[in-house]
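Which chain is which? The protein sequence lines are A and B, in order.
223 is the number of the first residue of the first sequence in my numbering; add one for each residue after it.
223 is the number of the first residue of the second sequence in my numbering; add one for each residue after it.
C-beta atoms are modelled at their ideal positions from N, C-alpha and C, and glycine is treated no differently.
Only a predicted model underlies this, so the values are computations on that prediction, with no experimental measurement involved.
Written out below as structure tokens is the structure these notes cover.
There are 2 protein chains.
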Amino acid sequence: MANWLTDDEQRAWRAYRRMTLLVDATVARELNRDAGLSMPDYQVLSTLSEAVDHRRRLTELALRMQWSASRLSHHVTRMEQRGLVSRADCSEDLRAAYVVLTDVGWDAIKAAAPDHVESVRVHLIDLLSAEELAALTAIGEKVVAHFGEECLDYPVQSANRKPVSRS
Amino acid sequence: MANWLTDDEQRAWRAYRRMTLLVDATVARELNRDAGLSMPDYQVLSTLSEAVDHRRRLTELALRMQWSASRLSHHVTRMEQRGLVSRADCSEDLRAAYVVLTDVGWDAIKAAAPDHVESVRVHLIDLLSAEELAALTAIGEKVVAHFGEECLDYPVQSANRKPVSRS
DNA sequence: GAGTATTTGTTGACGCGTCATACATCATGA
DNA sequence: TCATGATGTATGACGCGTCAACAAATACTC
Numbered sequence: 223m224a225n226w227l228t229d230d231e232q233r234a235w236r237a238y239r240r241m242t243l244l245v246d247a248t249v250a251r252e253l254n255r256d257a258g259l260s261m262p263d264y265q266v267l268s269t270l271s272e273a274v275d276h277r278r279r280l281t282e283l284a285l286r287m288q289w290s291a292s293r294l295s296h297h298v299t300r301m302e303q304r305g306l307v308s309r310a311d312c313s314e315d316l317r318a319a320y321v322v323l324t325d326v327g328w329d330a331i332k333a334a335a336p337d338h339v340e341s342v343r344v345h346l347i348d349l350l351s352a353e354e355l356a357a358l359t360a361i362g363e364k365v366v367a368h369f370g371e372e373c374l375d376y377p378v379q380s381a382n383r384k385p386v387s388r389s
Numbered sequence: 223m224a225n226w227l228t229d230d231e232q233r234a235w236r237a238y239r240r241m242t243l244l245v246d247a248t249v250a251r252e253l254n255r256d257a258g259l260s261m262p263d264y265q266v267l268s269t270l271s272e273a274v275d276h277r278r279r280l281t282e283l284a285l286r287m288q289w290s291a292s293r294l295s296h297h298v299t300r301m302e303q304r305g306l307v308s309r310a311d312c313s314e315d316l317r318a319a320y321v322v323l324t325d326v327g328w329d330a331i332k333a334a335a336p337d338h339v340e341s342v343r344v345h346l347i348d349l350l351s352a353e354e355l356a357a358l359t360a361i362g363e364k365v366v367a368h369f370g371e372e373c374l375d376y377p378v379q380s381a382n383r384k385p386v387s388r389s
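Okay, here's the thing in structure tokens:
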């Protein structure tokens, strides 16, 4: 006989699943509607915009975002086709390559950030009381810790950072 | 000037995102490893296994799982090719079609359920205290309610239900 | 009953992520 | 220096989900 979930546990699991589904889908849909970007696009642009010279090695970028190399390579290819980023050779290591934020990409993330943050507010953050927000943070960090990670993730509003030298 | 997130809010958002990413990916990976099923597979099989005669109209199934008709049609096509479900005509309405759980599908969900529940326990439920579980439920249901839904979702452990007549 | 609108379901194209594979380049050590 | 392995990246196949377009049947309306 298996160790089934109690009613309370099942209720928690369902609420969790439905919440994440709705929040993620809605925030993603609004980001796409308002800025023509997907969440992965946003994450890449946002992370690049924080880097000096708006460029990073693929591996470094993948590590920071916790993506697989393959995923990033595929995604960069698509973003490159849309002109949001470009690839550049690395002189120190001929295997390596940089991903560079283009002017189009820079404009895109600057334009997208305010609406995106607002979207996150409306569909999650502002729905919760201070206590609930704290509880969500505690729960999230506890679960993340279970997977042996500290909680480094991409910046939500990096376009807010002070102007970065574009060289 | 946009209404940026505070540090606390940003921390909550990051913890939330990372938690859902890790939990969902891990539970999905384990389900696939242990039972050769994806989460969508599980959801379909699980929901069908609750139905009388193990069959449901496509629309009805889609509604219950909150899927688009297109998504369900695509997914049923794939599952059909693997022998997990089959389609059957509907005599009352010639447009309509049933999705029927096959014996293979029934065996699959029965075999998958215990490990899947265990996986959900290990990577989420059992990590949390009773208070945290209650908080997660409250937060989840509040957010779901914001989207104008009551929280009906698929059953996690339907294979546990009392024997269903297979006709 | 004819014409129109709605419901039911399918299909194709495309973005996305994973896995397995391939391949060039670098680093190591005999 | 020359193999051997590790590293950095790219690619193809495939499952998955969305959107838009479509076909067929049923339901409404005059």
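If residue i and residue j are in contact, beta carbons under 8 angstroms, what's the gap, nearest whole angstrom?
i, j, result
"A:Glu231", "B:Leu355", "7 angstroms"
"B:Tyr238", "A:Leu358", "6 angstroms"
"A:Val342", "A:Arg277", "No, A:Val342 and A:Arg277 are not in contact; Cβ-Cβ is about 27 angstroms, not under 8 angstroms."
"A:Trp289", "B:Ile347", "Not quite, the Cβ-Cβ distance comes to about 27 angstroms (not below 8 angstroms), so this is no contact."
"A:Val249", "B:Ala224", "At roughly 16 angstroms, the Cβ-Cβ gap does not stay under 8 angstroms, so A:Val249 and B:Ala224 are not in contact."
List the residues of chain A that residue i touches, going by C-beta distances under 7 angstroms, in chain order.
i, result
"B:Lys332", "Per Cβ cutoff of 7 angstroms: no residues; B:Lys332 is ~10 angstroms from chain A at best."
"B:His276", "Result: empty, since nearest Cβ-Cβ is about 20 angstroms, beyond 7 angstroms."
"B:Thr269", "In chain order: nothing, as chain A lies at least about 13 angstroms away."
Listing by chain order, which chain B residues have their CB less than 7 angstroms from the CB of residue i?
i, result
"A:Pro336", "Ala224"
"A:Val245", "Val365"
Residues of chain B with CB closer than 8 angstroms to the CB of residue i, please, in chain order.
i, result
"A:Glu165", "Since the first residue shown for chain A is 223 and the last is 389, residue 165 of chain A is missing from the structure and cannot be characterised."
"A:His230", "It is worth fixing the name first, because residue 230 of chain A is Asp in this sequence and not His. Simply Leu355, Ala356 and Thr359."
"A:Glu340", "Ala224 and Asn225"
Pick from the options: whose alpha carbon is nearest that of residue i?
i, options, result
"B:Leu210", "B:Arg277, B:Val344 and B:Ala334", "Since the first residue of chain B shown is 223 and the last is 389, residue 210 of chain B is not available in this structure."
"B:Gly370", "A:Gln288, A:Ala234, A:Met241 and A:Gly305", "A:Met241"
"A:Asp329", "A:Arg317, A:Ala318, A:Ile347 and A:Val307", "A:Val307"
"B:Glu353", "A:Leu259, A:Asp337, A:Ala360 and A:Leu270", "A:Ala360"
"A:Leu283", "A:Ser313, A:Glu314 and A:Ala318", "A:Ala318"
"A:Arg304", "A:Leu259, A:Arg233, A:Ser271 and A:Asp275", "A:Leu259"
"A:Pro336", "A:Asp275, A:Asp246 and A:Glu252", "A:Glu252"
"B:Ala333", "B:Leu316, B:Thr228, B:Asn254 and B:Ala247", "B:Asn254"
"B:Thr324", "B:Leu270, B:Ala291 and B:Glu314", "B:Leu270"
Do you know offhand how far residue i's Cα is from residue j's?
i, j, result
"A:Val183", "A:Ser268", "Because chain A is modelled from 223 through 389, residue 183 of chain A falls outside the range shown and cannot be assessed."
"B:Asp263", "A:Met261", "25 angstroms"
"B:Trp226", "A:Arg293", "29 angstroms"
"B:Leu374", "B:Gln265", "Confidence at B:Leu374 is low in this model, with a pLDDT of 44, below 50, so the placement of that residue should be treated as unreliable; the coordinate-derived value is given next. Their Cα atoms are separated by approximately 13 angstroms."
"B:Ala273", "A:Val326", "52 angstroms"
"B:Met301", "B:Ser295", "10 angstroms"
"A:Arg286", "B:Val366", "31 angstroms"
"A:Leu349", "B:His368", "8 angstroms"
"B:Ser389", "B:Asp275", "Low confidence applies to B:Ser389: its pLDDT is 26, below 50, so where it sits in the model is not reliable, and the reading given next is rough at best. Cα-Cα distance, rounded: 6 angstroms."
"B:Asp315", "B:Arg309", "14 angstroms"
"A:Ala291", "B:Ser313", "51 angstroms"
"A:Thr228", "B:Ser351", "14 angstroms"
"A:Ala247", "A:Tyr320", "31 angstroms"
"A:Arg233", "B:Asp256", "24 angstroms"
"A:Asp311", "B:Asp311", "58 angstroms"
"B:Ile331", "A:Ile331", "44 angstroms"
Who are the neighbours of residue i on chain B, taking C-beta pairs under 9 angstroms?
i, result
"A:Ala250", "Residues of chain B passing the Cβ test: none, with the nearest at roughly 12 angstroms."
"A:Tyr320", "Residues of chain B passing the Cβ test: none, with the nearest at roughly 26 angstroms."
"A:Thr281", "Correct list: empty, because the minimum Cβ distance to chain B is about 20 angstroms."
"A:Leu350", "Ala234, Ile361, Lys364 and Val365"
Less than 7 angstroms separating the Cβ of residue i from some heavy atom of the ligand PLP?
i, result
"B:Glu353", "Summarising the ligand content, the structure contains no ligands, and the ligand PLP is consequently not present."
Name the chain A residues that come within less than 8 angstroms of residue i, Cβ to Cβ?
i, result
"B:Asp325", "What B:Asp325 touches in chain A: nothing, since even the nearest Cβ is about 21 angstroms away."
"B:Trp235", "Val342, Leu346, Ile347 and Val378"
Name the DSSP bridge partner or partners of residue i?
i, result
"B:Ala319", "B:Asp311"
"B:Arg278", "B:Val321"
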